[in-house]
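Asker: The sequence shown runs 0 to 441 under numbering that gives the first Met the number 0.
Glycine included, each C-beta is placed from N, C-alpha and C at the ideal position.
Before anything else, here's the structure in question.
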Amino acid sequence: MSSKSVDVVIVGAGMAGIKAAADLSQAGFSIAVLEGRDRLGGRLHTDRTSGSKLYELGCSWFHQSLDNPLLKLALDENLEIKPQYDDNGPGIYDADGPLDGSKKLGQAAADFGDFASLYFKSHPEVSDLSLKEIIDIFTSEHRLLSDAQKAEVKRILQIPTLPNGSVASDVSAKYNGLPALGRDVLPVGGYDIIYNHVKKPVGDSDIHLNTAVTSIIKESNNTVTVATENGDKYTSKYVIVTVPIGVLKANAIQFSPALPAPLSSAIDNLGVSELGKVYFEFDTVFWPETVDKFVYVGDIEGEYAPAVISNWYLFNGEKKHPGLFVIVSSKLISKIEANPSCAFDLLKPVLEAIRVDQATPVPAPTRTKSTNWNSDRFTLGAISRAKIGTDPAGPIAEFANGFDNVRFAGEHTILDGFTFVHGAWRSGAREAKYIIDDQSKI
Ligand SMILES: Cc1cc2nc3c(=O)[nH]c(=O)nc-3n(C[C@H](O)[C@H](O)[C@H](O)COP(=O)(O)OP(=O)(O)OC[C@H]3O[C@@H](n4cnc5c(N)ncnc54)[C@H](O)[C@@H]3O)c2cc1C
Numbered sequence: 000m001s002s003k004s005v006d007v008v009i010v011g012a013g014m015a016g017i018k019a020a021a022d023l024s025q026a027g028f029s030i031a032v033l034e035g036r037d038r039l040g041g042r043l044h045t046d047r048t049s050g051s052k053l054y055e056l057g058c059s060w061f062h063q064s065l066d067n068p069l070l071k072l073a074l075d076e077n078l079e080i081k082p083q084y085d086d087n088g089p090g091i092y093d094a095d096g097p098l099d100g101s102k103k104l105g106q107a108a109a110d111f112g113d114f115a116s117l118y119f120k121s122h123p124e125v126s127d128l129s130l131k132e133i134i135d136i137f138t139s140e141h142r143l144l145s146d147a148q149k150a151e152v153k154r155i156l157q158i159p160t161l162p163n164g165s166v167a168s169d170v171s172a173k174y175n176g177l178p179a180l181g182r183d184v185l186p187v188g189g190y191d192i193i194y195n196h197v198k199k200p201v202g203d204s205d206i207h208l209n210t211a212v213t214s215i216i217k218e219s220n221n222t223v224t225v226a227t228e229n230g231d232k233y234t235s236k237y238v239i240v241t242v243p244i245g246v247l248k249a250n251a252i253q254f255s256p257a258l259p260a261p262l263s264s265a266i267d268n269l270g271v272s273e274l275g276k277v278y279f280e281f282d283t284v285f286w287p288e289t290v291d292k293f294v295y296v297g298d299i300e301g302e303y304a305p306a307v308i309s310n311w312y313l314f315n316g317e318k319k320h321p322g323l324f325v326i327v328s329s330k331l332i333s334k335i336e337a338n339p340s341c342a343f344d345l346l347k348p349v350l351e352a353i354r355v356d357q358a359t360p361v362p363a364p365t366r367t368k369s370t371n372w373n374s375d376r377f378t379l380g381a382i383s384r385a386k387i388g389t390d391p392a393g394p395i396a397e398f399a400n401g402f403d404n405v406r407f408a409g410e411h412t413i414l415d416g417f418t419f420v421h422g423a424w425r426s427g428a429r430e431a432k433y434i435i436d437d438q439s440k441i
């Protein structure tokens, strides 16, 4: 048990926390970064425990690559991230292999986005619908699609459920999309290179691992007392809370006084996306070798929600290791988290779909590795997401407003890069700047 006084306590050493810590350290503030886990990085987790192979267990891609400050930073600083574009392949797959391109299904589905915007424009009385409802309206009102096309298109249109980790009846039609802003880029050399670069200005002795925060008390003299599970106490002028939305929803940290209503509503009004990854390694490559990514569509509202399969073989050490990873949403990932040994059996239909030779069985993997972001007490979900009927811009603005000297950062607190690791970085920079500017006024 110890007690310490610093200018700023930062709760969480993910990208948001470490960026805030770096900027404040550079500006001369004394800081303490309190991290519950025994490792740094949070949902940026590059696992290098297997020689030349890298497993990105959290974020993999630079999304929004035309407007991604982390990609820009890596390129400006010549970091050894080995950036590589990583595009979806030409086909969409289901359990029987590629969908029939001659039916023009992709083209039929392409009308949906514009249809949905026009629908909300012409029905101002409808504040939101579920993705399932708007898909049903699209397929029933669209007079130029054949019945066969409508049935298939209904499945293809489930694809936006993937980042939401949920079924279409639980996904907002209006707010589920994020601007694409550029193709996906993979840092083949490892996302941790960027994290370590951002962390450079932070002194090692300012970071405390295995230090889970349990309460944050705003004192009457404008200081904050932060208490940890280890019994330590930190007093500071500001605290920046970067724990994920799932952790906030679980009330894992007690705030005293309680957070004001706009902030507690913000916590309620964002959703949590349950996602995970499963890596499979094989002796042979049985899928189309040159395709970067495969999109799989499952059944409507069923267990086999859409999945993305990444051709990890192309990126994990000069094609020496046949392997794939699959991004899996809530229904299957919760079963896999409960029992990782069932991952191959559960995901076999997804792997079978992308076989080059549909007559040859998928071989048993030589190794399987799966994530547990949804049951891990330091995440309790993968990323934030919109809830039906709530524009996430509202809760995000409340997080950005904060509660005087109790500040919030993280992927759930920012619009530019919402849900993404570069958004987390931007939010850390925002909060450091708030404190630096606020102090200069005193
Ligand atoms: C499977 C998966 C795939 C993803 N893919 C991508 C992708 O390809 N591209 C992309 O841009 N983004 C992706 N993301 C999202 C991205 O990883 C996150 O947006 C980003 O890493 C979040 O950073 P953060 O700092 O907001 O939160 P975190 O990284 O979660 O940091 C919060 C920290 O707080 C700590 N903490 C929690 N509770 C406590 C407590 N009580 N006391 C002290 N510390 C605590 C946690 O351990 C953690 O280290 C993915 C996420 C997941 C899970």
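Report yes or no: do three or more beta-carbon pairs, one from the segment 277 to 286 and one from the segment 315 to 324, lie closer than 8 Å?
Answerer: Touching, per the Cβ criterion.
Asker: What residues in its chain sit with their C-beta under 6 Å from that of residue 369, if we drop five residues either side in the sequence?
Answerer: For the purposes of this step, residue 369 is identified with residue 370 of the sequence shown, where counting begins at 1. Contacts found: 277, 335, 339 and 342.
Asker: Report yes if the C-beta of residue 192 is less than 7 Å from at least one heavy atom of ligand 1; otherwise report no.
Answerer: Translated into positions along the sequence shown, residue 192 becomes position 193. The answer is no for residue 192.
Asker: Tell me the rounded alpha-carbon separation between residue 40 and residue 362.
Answerer: Within the sequence shown, numbered from 1, the residue matching residue 40 stands at position 41. Within the sequence shown, numbered from 1, the residue matching residue 362 stands at position 363. Cα to Cα, the separation comes out at about 34 Å.
Asker: My understanding is that residue 192 touches residue 91, with C-beta atoms under 8 Å, so please give their C-beta distance in whole angstroms.
Answerer: Numbered from 1 along the sequence shown, position 193 holds the residue referred to as residue 192. Numbered from 1 along the sequence shown, position 92 holds the residue referred to as residue 91. About 33 Å; that fails the 8 Å criterion.
Asker: Just to confirm the assignment, what range does the beta strand (DSSP E) spanning residue 228 have?
Answerer: Here residue 228 is taken as the residue at index 229 of the sequence shown, counted from 1. No beta strand (DSSP E) contains residue 228, which DSSP labels as neither H nor E.
Asker: Is DSSP giving residue 215 helix, strand or coil here?
Answerer: To locate residue 215, count along the sequence shown from 1; it is residue 216. The answer is strand: DSSP assigns residue 215 an E or B state.
Asker: Work out the CA separation of residue 8 and residue 28 for me, nearest whole Å.
Answerer: Walking along the sequence shown from the start, residue 28 turns up at place 29. Walking along the sequence shown from the start, residue 8 turns up at place 9. Spanning the two alpha carbons is a distance of roughly 10 Å.
Asker: I'd like the list of long-range same chain contacts for residue 17, defined as Cβ closer than 6 Å, with 5 residues on each side in sequence excluded.
Answerer: Position 18 of the sequence shown holds residue 17. Here the set comprises 197 and 198.
Asker: Determine, using beta carbons only, whether residue 97 and residue 425 come nearer to each other than 8 Å.
Answerer: On the sequence shown, residue 97 is found 98 positions in, with the first residue counted as 1. On the sequence shown, residue 425 is found 426 positions in, with the first residue counted as 1. Contact flag unset, no.
Asker: With distances taken Cα to Cα, identify the nearest neighbour of residue 209 among 10, 410 and 150.
Answerer: Locating residue 209 in the sequence shown gives position 210, counting from the first residue. Taking only the C-alpha atoms, the option nearest residue 209 is 10.
Asker: Hey, quick one: how far does the beta strand (DSSP E) through residue 275 stretch, first residue to last?
Answerer: In the sequence shown, residue 275 corresponds to position 276, counting from 1. Segment 274 to 280, the beta strand (DSSP E) holding residue 275.
Asker: Taking the beta carbon of residue 0 as the centre, do at least 16 other beta carbons fall within 10 Å, making it buried, or is it exposed?
Answerer: Against the sequence shown, residue 0 aligns to sequence position 1. The residue in question, residue 0, is exposed, as its Cβ has fewer than 16 Cβ neighbours within 10 Å.
Asker: Tell me the residue span of the beta strand (DSSP E) that contains residue 398.
Answerer: Here residue 398 corresponds to residue number 399 of the sequence shown, with the count starting at 1. That residue, residue 398, is in no beta strand (DSSP E); its alpha helix (DSSP H) goes 392 to 400.
Asker: Here's the rule: buried if 16 or more other CB atoms are within 10 angstroms of the residue's CB, otherwise exposed. What is residue 355?
Answerer: Counting from 1 along the sequence shown, the entry for residue 355 is found at position 356. Exposed, because fewer than 16 other Cβ atoms sit within 10 Å of the Cβ of residue 355.
Asker: Between the segment 267 to 276 and the segment 381 to 392, do at least 3 Cβ pairs fall closer than 8 Å?
Answerer: With a cut-off of 8 Å, the segment 381 to 392 and the segment 267 to 276 count as touching, because enough Cβ pairs lie within range.
Asker: How far does the alpha helix (DSSP H) with residue 87 in it reach, from first residue to last?
Answerer: In the sequence shown, the residue the question calls residue 87 occupies position 88. Note, residue 87: premise wrong, no alpha helix (DSSP H); beta strand (DSSP E) at 87 to 93.
Asker: Identify, in the order they occur along the chain, each residue of the same chain with its Cβ nearer than 7 Å to the Cβ of residue 184, setting aside the five sequence neighbours on each side.
Answerer: On the sequence shown, position 185 is the one that residue 184 refers to. The residues are 60, 61, 64, 70, 82, 83, 84 and 85.
Asker: What does a CB cutoff of less than 6 Å around residue 350 pick up in its chain, not counting 5 residues either side in sequence?
Answerer: Working through the sequence shown from its first residue, we reach residue 350 at position 351. Within the same chain, residue 350 has close Cβ partners 361.
Asker: Between residue 14 and ligand 1, is the CB less than 7 Å from at least one heavy atom?
Answerer: By 1-based counting over the sequence shown, the position of residue 14 is 15. Answer for residue 14: yes, Cβ within range of ligand 1.
Asker: Can you grab the Cα-Cα spacing for the pair residue 377 / residue 228, in whole Å?
Answerer: For the purposes of this step, residue 377 is taken as the residue at position 378 of the sequence shown. For the purposes of this step, residue 228 is taken as the residue at position 229 of the sequence shown. Spanning the two alpha carbons is a distance of roughly 13 Å.
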